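Protein sequences, first through last, are from chains A and B. So in the numbering used here, spot 55 of the first sequence is number 55, and the numbers just go up one at a time. Take any residue in the second sequence, note its place counting from 1, add 1000, and you have its number in the numbering used here. Every residue, glycine too, gets a C-beta built ideally from N, C-alpha and C. All of these numbers come straight from a predicted model, not from anything done at the bench. Scroll down for the structure; my scribbles are underneath it.
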Amino acid sequence: DVKVTQSSRYLVKRTGEKVFLECVQDMDHENMFWYRQDPGLGLRLIYFSYDVKMKEKGDIPEGYSVSREKKERFSLILESASTNQTSMYLCASSQNRSPYEQYFGPGTRLTVT
Amino acid sequence: GEDVEQSLFLSVREGDSSVINCTYTDSSSTYLYWYKQEPGAGLQLLTYIFSNMDMKQDQRLTVLLNKKDKHLSLRIADTQTGDSAIYFCAESMGGGNKLTFGTGTQLKVEL
Chain A
1 DVKVTQSSRY LVKRTGEKVF LECVQDMDHE NMFWYRQDPG LGLRLIYFSY DVKMKEKGDI
61 PEGYSVSREK KERFSLILES ASTNQTSMYL CASSQNRSPY EQYFGPGTRL TVT
Chain B
1001 GEDVEQSLFL SVREGDSSVI NCTYTDSSST YLYWYKQEPG AGLQLLTYIF SNMDMKQDQR
1061 LTVLLNKKDK HLSLRIADTQ TGDSAIYFCA ESMGGGNKLT FGTGTQLKVE L
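Structure follows, in structure tokens:
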């Protein structure tokens, strides 16, 4: 079974702190994704990566950066957390072939106070 | 970006059929997907349909695709309490590996 794990289920941080969210997948998938999930807005893509050290901006990259130094690990960084970044963050991975099924981690609920 | 739209809530009685609807905008989408999110969990793929198909059936699930109207639906037969979840439709943008998700439909199954 594909397994995507995220470093924390719940996280509380203060405004201005630097926040790291880690995601690891164990199926040698090429593609990895970071989404945020907000009620009524569905999932919105923040960044994705299709290879080590490669990254592309999604629909809402502002205020975020990412790092992919190893194939299995994709990190999301909030350089200076703000209250409007309070959300559920979901990581996913997929193979680079059809039907491009994405496998999701359980999510990290981040609260910025 | 392209918008994928769904109604936010659906309530059905146990044993009835549920129909969740979705409209998408990218006519070049190669695959369209239905994902399920149970409380406190990530999303899990339920089923997908290739764009040259009109219908796909998988046990209690039936997916209908109307490419002309860019409309996708998921029918769940004999809905059970365990089907209570949020259901997301998604399209593959330009046929590639980047997906655009809808807003999600919260399905509540009542006894």
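Along the stretch 1070 to 1103 of chain B, the positions whose C-beta sits under 7 Å from a C-beta of chain A are F1088, S1092, N1097, K1098, L1099, F1101, G1102, T1103, read in chain order. Here R1075 (chain B) really is in contact with V1019 (chain B); their C-beta atoms are around 5 Å apart, less than 8 Å. The beta carbon of E72 (chain A) is closer than 6 Å to those of V24, Q25 in its chain, skipping five residues each way along the sequence. Annotation: L76 (chain A) to D1016 (chain B) spans about 42 Å, alpha carbon to alpha carbon. Within chain A, P99, E101 have C-beta atoms less than 8 Å from the C-beta of Y1048 (chain B), given in sequence order. Contact between F20 (chain A) and G1042 (chain B) does not hold, since their C-beta atoms are separated by about 19 Å, which reaches or exceeds 8 Å.
Partner residues in the beta bridge of A1090 (chain B), as assigned by DSSP, are B:Y1033, B:F1101.
Per DSSP, S1084 (chain B) has no beta-bridge partner at all. Look at the stretch 60 to 101 of chain A and you find these whole runs of beta strand (DSSP E), each 3 residues long or longer: 65 to 70, 73 to 78, 87 to 94.
Under the 8 Å criterion on CB atoms, N84 (chain A) is classed as non-interfacial with respect to chain B. For M1055 (chain B), the enclosing beta strand (DSSP E) covers residues 1055 to 1058. Counting of Cβ neighbours within 10 angstroms places K1098 (chain B) among the buried residues, the total reaching 16 or more. In the three-state DSSP reduction, K1108 (chain B) falls in the strand class (E or B).
Apart from the 5 residues on each side of it in sequence, D1078 (chain B) sits with its Cβ closer than 7 Å to the Cβ of G1015, R1060 in its chain, given in chain order. It is roughly 27 Å from the alpha-carbon of D1058 (chain B) to the alpha-carbon of C91 (chain A).
Distance between T1062 (chain B) and M1055 (chain B), taken at the CA atoms: about 7 Å.
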